[in-house]
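Only one structure is covered here, and it is reproduced in the block below.
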Amino acid sequence: MGKSHQRGWISLRGKKWYGFFRRVLLDPIHGKEKTKKITIILGAKSQMSKREAQDKLQQEMTKVTGQDHSGRTANDSAVNFGWFVRNRYYPLKEATWKKETAKVKKMIIQRDLIDYFEAVPLENFDKFTLQVHLNNLAKTRSRDRVLQIRAYIRDIFSEVVDQDFLSKDPARKIKVPAQLRETDTTTLSWEQLRLALSKLLLRDRIILELDMTNALRPGELFALRWKCFNHADSTMRLIETVYKGQIRPWGKTKKSLGVVHIPKKLSDDLWLLKQESSDASPEAFIFPNADGGFMDPNNYRKRTLHKLARDLKLPKLTFQVIRRTIATLAQKKGTVKDVQGLLRHSRAATTTDVYMQEIPESVRATVEAVNKELRKKPKRAESSKRVVNLRPNAPKLKDAVSVSY
């Protein structure tokens, strides 16, 4: 690969200094070099000498190339966004993305970025273009989706700079829009949860009670096999998960899988269900579908949970709502670390900031309790006195007013 140590040249046209230099670019698609002539307006002749114009040209050349007389061949910034994402970004990330997760990430990037910027050259991007696009997405997308897209934009253009397609990162300072759609924080009450359980037959009641009691994710719940259940110890081992029709030997986080405690009465109900099961072999699923395989969480949500919500006139009933509800109501049943352990979160901040919601009744009770403490009489109310001077030119101590409190 050839090198060029040029310093460019300047020319006076009319009343302005113009600078010129050649930039050697690498066409990453064909693997060939090509030369591109760059023209820059340096400024008015009345404001700078020829020497100053030459110095200005060197500064501008450094900005464009990202190098100072190094002669390094840069990648072609004229390649389009879609090509870069598919050929330079995805190959780096796929090694760290799980197969099913990669499909979701690529779908989101395709819909919210590539579909908009497919043929746009990388050199045409600036902070304004990216910020306006993010602002427009905030009008129709959820808060979490906007935050996710911002992270992808910054990650993609960080790679653009690292791989020498651009010298300056246009996404470095894009901000999260101030007006974001509110994230769903629906929670239910204990009474609503009990009412839902009361309307179900044995198997569905056990499914939901187990899910509510242990705040299980649906992928963990429907991957349970009879070999995971220990009636004598009242425990359940979480060893795998289901996701988009596949069994995976891992969980969402490092703490997702492991042994969880099951209350004695619920454990007895599971034992009775096992006696009634047509296949109670160790490898059989505890909650199988009609073919004996694992149940699809989305089908169960639509056929059972949504119907239950309509019949009982609940605001919403999904596995996510159940998990958020349990995290919220459990605040009064244990410490934050206890609730974190129940949800099996790696970080307590996820439990408190994302899942736990404010309980209005509890807030009112706290306000009442605080005010009640303030209205109690001091223990030394009768004996405590202080001297209060009523005017700046206060009288002598013997004339001062004594006030009790």
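If you're matching positions, the sequence shown starts at 170 in this note's numbering and goes up one per residue.
Backbone N, C-alpha and C define an ideal beta-carbon position, used for all residues, glycine too.
Keep in mind that this is a model prediction, so the values were computed, not measured.
Three-state class that DSSP yields for residue i in the structure shown
i           : result
residue 475 : helix
residue 430 : strand
residue 407 : strand
residue 190 : strand
residue 311 : strand
residue 513 : coil
residue 178 : strand
residue 485 : coil
residue 267 : coil
residue 318 : helix
residue 454 : strand
residue 213 : strand
residue 394 : strand
residue 521 : helix
residue 415 : strand
residue 346 : coil
residue 204 : strand
residue 185 : strand
residue 463 : strand
residue 529 : helix
residue 339 : coil
residue 290 : strand
Same chain only: Cβ atoms within 6 angstroms of residue i, ignoring 5 sequence neighbours per side
i           : result
residue 208 : 189
residue 328 : 258
residue 497 : 356, 525 and 526
residue 176 : none
residue 405 : 397, 398, 429 and 431
Test: residue i CB closer than 7 angstroms to a CB of chain E
i           : result
residue 529 : Of the chains in the structure shown, none is chain E; there is only one protein chain.
Classification of residue i by the beta-carbon crowding that lies within 10 angstroms, buried from 16 upward
i           : result
residue 463 : buried
residue 367 : exposed
residue 210 : exposed
residue 186 : buried
residue 230 : buried
residue 514 : buried
residue 468 : exposed
residue 276 : exposed
residue 436 : buried
residue 260 : exposed
residue 226 : buried
residue 493 : buried
residue 415 : exposed
residue 216 : exposed
residue 504 : exposed
residue 466 : buried
residue 265 : exposed
Heavy atom of the ligand ADP within 6 angstroms of residue i beta-carbon
i           : result
residue 293 : This structure lacks the ligand ADP, and indeed carries no ligand of any kind.
Closest residue to residue i among the options (Cα-Cα distance)
i           : options               : result
residue 262 : 220, 324 and 205      : 324
residue 318 : 282, 205 and 530      : 282
residue 322 : 286, 264 and 336      : 286
residue 470 : 455, 491 and 450      : 491
residue 439 : 456, 425 and 291      : 456
residue 373 : 331, 458 and 509      : 458
residue 288 : 254, 447 and 269      : 254
residue 535 : 309, 206 and 501      : 501
residue 252 : 291, 228, 224 and 222 : 291
residue 205 : 217, 191 and 466      : 191
residue 531 : 510, 547, 499 and 443 : 499
residue 296 : 344, 183, 264 and 249 : 344
residue 383 : 545, 448, 511 and 523 : 511
residue 528 : 335, 249, 273 and 359 : 359
residue 336 : 293, 520 and 272      : 293
residue 278 : 375, 320, 309 and 249 : 320
7 angstroms Cβ shell around residue i - same chain, five flanking residues per side excluded
i           : result
residue 181 : 214
residue 385 : 379
residue 352 : 311, 312 and 313
residue 361 : 483
residue 487 : 470 and 474
residue 485 : 355 and 478
residue 408 : 397 and 426
residue 239 : Unreliable placement is indicated for residue 239, whose pLDDT of 47 sits below 50; the coordinate value is still reported in the next sentence. Cβ neighbours of residue 239 beyond the five flanking positions: none.
residue 304 : 346
Own chain, CB closer than 8 angstroms to residue i, minus 5 neighbours either side, in chain order
i           : result
residue 450 : 395
residue 412 : 269 and 388
residue 307 : 315, 346, 348, 349 and 350
Item to check | Inter-stretch contact at 8 angstroms, needing at least 3 Cβ pairs: the stretch 340 to 357 / the stretch 294 to 301 | outcome: yes
Checklist entry - Touch check for the stretch 381 to 400 and the stretch 418 to 427: three-plus C-beta pairs under 8 angstroms? => result yes
Checklist entry - So does the stretch 400 to 420 actually touch the stretch 470 to 489, counting three or more Cβ pairs closer than 8 angstroms? => result no
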